[in-house]
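Visitor: Going by the working numbering, the sequence shown opens with residue 96, and the numbers climb by one from there.
All residues carry an ideal CB built from backbone N, CA and C; glycine is no exception.
It should be emphasised that the depicted structure is a prediction, and the values quoted were computed from it without experimental measurement.
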Amino acid sequence: MGTLAGVHLLHCDPFPVPLPEGHPFPMAKYAALRRELEALGCAGRLAAAEEAPIAALEAVHDPDYVAAFVGGTLDRAAERRLGFPWSKELVARCRASTGATLAAAGLALEHGTAGVLAGGTHHAHRGFGAGYCAFNDIAVAAAWLLERRAAERILVVDVDVHQGDGTAAIFADEPRVFTLSLHGARNFPARKAVGDLDVELSDGTEDAAYLAALQPALEEAFARARPDFVFVQGGVDPLHSDHLGRLSVSHDGLEARDAAVLRAARGLPLVWTLGGGYSRPIDGTLAAHVASFRALAKRP
Ligand SMILES: [Zn+2]
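Next comes the structure, spelled out in structure tokens:
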């Protein structure tokens, strides 16, 4: 197994969020993942994220929504849809998570590869947050690359078990960004957005069917998008042990998935974001995320 020493990674651990007792979101996985990766020897290239500038958020999100979330004036329905109780700490965390993906985009331009131990908040739409996602980090970073003309054609490969509906909707009319999502047909969100390429999987899908759906989707997406920059939302919630996933993919299956994604993106600047993972206990999720970052460190 290779070392992670060479890969630039960003984390958001200086931005903890206080959640009420019993809240279902596994906030503890982030720091635990950082500790595991540090133990693998990547501490030299691991940096704390900074909060994304408001202007970068407003390049993608409705300024009224940004102001309401940052200022704490979201109404109760909007807060429920987001899934987190509002706090100043939550705002800082969500801005930092987006700042991490922005910084990773810059590092990937320079070094080819960067990873984010947060992010992948793909249910955030232009004008509202949903499903634990306040700001769409990948969309913000993609818009920043386009604005700076640092990329001309961007592919978002979203292999989280939930559809990347926010990303798809944000870029529905943006031909320079291609969104691929491979997700559970019956999983959240109930109402799917229309991405450039959506692949729906049945409940209980196992490795062989999962990988058989993935490979042609990757080929089609890369052929149609002809990207010069790739973002990955590498959620590990297709895992059989996942509490929310509804699929039955093994650890080997996820490793084959990650390898296929990285093979398809060979030679292109790439940012890998964390995405979801809700195994109970959380160990299965952590092991799968660690495997993703190990694969990232060895990418061709
Ligand atoms: Zn997910």
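Within 7 Å: the Cβ of residue 257 and any heavy atom of ligand 1?
Guide: Indeed, a heavy atom of ligand 1 lies less than 7 Å from the Cβ.
Visitor: Quick one, which of 246, 305 and 278 has its alpha-carbon nearest residue 370's?
Guide: Nearest C-alpha to residue 370: 278.
Visitor: Determine whether the Cβ of residue 322 lies closer than 8 Å to any Cβ atom of chain D.
Guide: Looking at the structure shown, chain D is missing, and only one protein chain is on hand.
Visitor: Thinking C-alpha only, which one of 290, 225 and 340 is nearest residue 257?
Guide: It is 340.
Visitor: Assign residue 216 to one of two classes, buried (16 or more other C-beta atoms within 10 Å of its C-beta) or exposed (fewer than that).
Guide: By the neighbour-count rule (16 or more Cβ atoms within 10 Å), residue 216 is buried.
Visitor: Should residue 370 be listed as close to ligand 1, given that the test is whether its C-beta is under 7 Å from any heavy atom?
Guide: Under cutoff, so the answer is yes.
Visitor: So, with DSSP's three-state summary, where would you put residue 274?
Guide: Residue state, collapsed to three classes: strand.
Visitor: Let me make sure I understand the geometry here. Which of 331, 337, 254 and 324 has the alpha-carbon closest to that of residue 361?
Guide: Comparing Cα-Cα distances from residue 361 to each of 331, 337, 254 and 324, the minimum goes to 324.
Visitor: At what residue ranges does the stretch 164-231 contain a whole run of the beta strand (DSSP E), taking only runs of 3 or more?
Guide: For the stretch 164-231, whole beta strand (DSSP E) runs of length 3 or above, ordered along the chain, are 208-211.
Visitor: DSSP three-state label for residue 329, please.
Guide: Of the three classes helix, strand and coil, the one that applies to residue 329 here is coil, per DSSP.
Visitor: Expressed to the nearest angstrom, what Euclidean distance is found between the alpha-carbon atoms of residue 104 and residue 199?
Guide: About 7 Å.
Visitor: Specify the secondary structure class of residue 279 as computed by DSSP and reduced to three states.
Guide: Residue 279: strand per DSSP, three-state reduction.
Visitor: Is it right to say residue 120 is buried, meaning 16 or more other beta carbons lie within 10 angstroms of its own, or is it exposed?
Guide: Exposed: under 16 other Cβ atoms inside 10 Å.
Visitor: Quick one: using the 10 Å Cβ neighbour count with 16 as the cut-off for buried, is residue 123 buried or exposed?
Guide: Residue 123 comes out exposed.
Visitor: Ignore the nearest five residues each way along the sequence and tell me which others in residue 114's own chain have a CB closer than 8 Å to its CB.
Guide: If we look at residue 114 and ignore the five residues flanking it on each side, its Cβ neighbours are 120, 122, 179 and 180.
Visitor: When we look at the beta-carbon of residue 168 and count the other beta-carbons within 10 Å, is it buried (16 or more) or exposed?
Guide: Exposed.
Visitor: Report the rounded CA-to-CA distance for residue 136 versus residue 130, giving the unit in angstroms.
Guide: Rounded to whole angstroms, residue 136 to residue 130 spans 10 Å at the Cα level.
Visitor: Report yes if the C-beta of residue 330 is less than 7 Å from at least one heavy atom of ligand 1; otherwise report no.
Guide: Residue 330: yes, Cβ under 7 Å from ligand 1.
Visitor: How would you call residue 206, buried or exposed, if buried means at least 16 neighbouring beta carbons within 10 angstroms?
Guide: Classification of residue 206: exposed, given that the 10 Å Cβ count is below 16.
Visitor: When burial is assigned at 16 or more other CB atoms within 10 Å of the CB, is residue 396 buried or exposed?
Guide: The structure shown does not extend to residue 396, since the chain is modelled only from 96 to 395, so the question has no answer here.
Visitor: Smallest Cα separation from residue 191: which of 208, 275 and 148?
Guide: Selected option, being the one with the closest Cα: 148.
Visitor: Between 128, 172 and 335, which has its C-alpha nearest residue 225's C-alpha?
Guide: The residue with the shortest Cα to Cα distance from residue 225 is 172.
Visitor: If you draw a straight line from the C-alpha of residue 241 to the C-alpha of residue 363, how long is it?
Guide: Computed Cα separation, rounded: 16 Å.
Visitor: Does DSSP put residue 249 in a helix, a strand or coil?
Guide: Residue 249 falls in the strand class under three-state DSSP.
Visitor: To the nearest angstrom, how far is it from the Cα of residue 358 to the Cα of residue 394?
Guide: Taking the straight line from one Cα to the other gives about 8 Å.
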